[in-house]
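Notes follow the structure.
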Amino acid sequence: MSGDEDEDLEAGLSGLRSGIAEYQRRAKFIESLPASHVPEGRRVTRALAEKYPRAAARPP
């Protein structure tokens, strides 16, 4: 994205919205886990991502 045309701005805004939605989806999943499954707090770690690989994948 390099221009200031409406289409460029809309594409950038769409990308931001998509990123926010993905963040919210993952946050909701992490919050649903029992505290014993997230010993480092509500942080996503490599071990957690490996334990729940389908949760990290984007929904179809």
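For reference, each letter of the sequence shown is one residue, going 21 to 80 in the working numbering.
For every residue, glycine included, the Cβ atom is placed at its ideal position computed from N, Cα and C.
The structure presented is a predicted model; accordingly, all values stated were derived computationally and were not measured.
Point to revise | contact_flag[the stretch 34-54, the stretch 62-74] where n(CB pairs < 8 Å) is 3 or more | key: At 8 Å Cβ cutoff, the stretches touch.
Exercise for review: Return the CA-CA distance between A46 and E25, expressed in angstroms with no decimal places.
Suggested key: Per the sequence shown, the amino acid found at residue 46 is Arg instead of Ala. Within the model, the alpha-carbon separation for R46 versus E25 is close to 32 Å.
Point to revise | As assigned by DSSP and simplified to three states, the class of E60 | key: In the structure shown, E60 sits in coil (DSSP, three-state: anything other than H, G, I, E or B).
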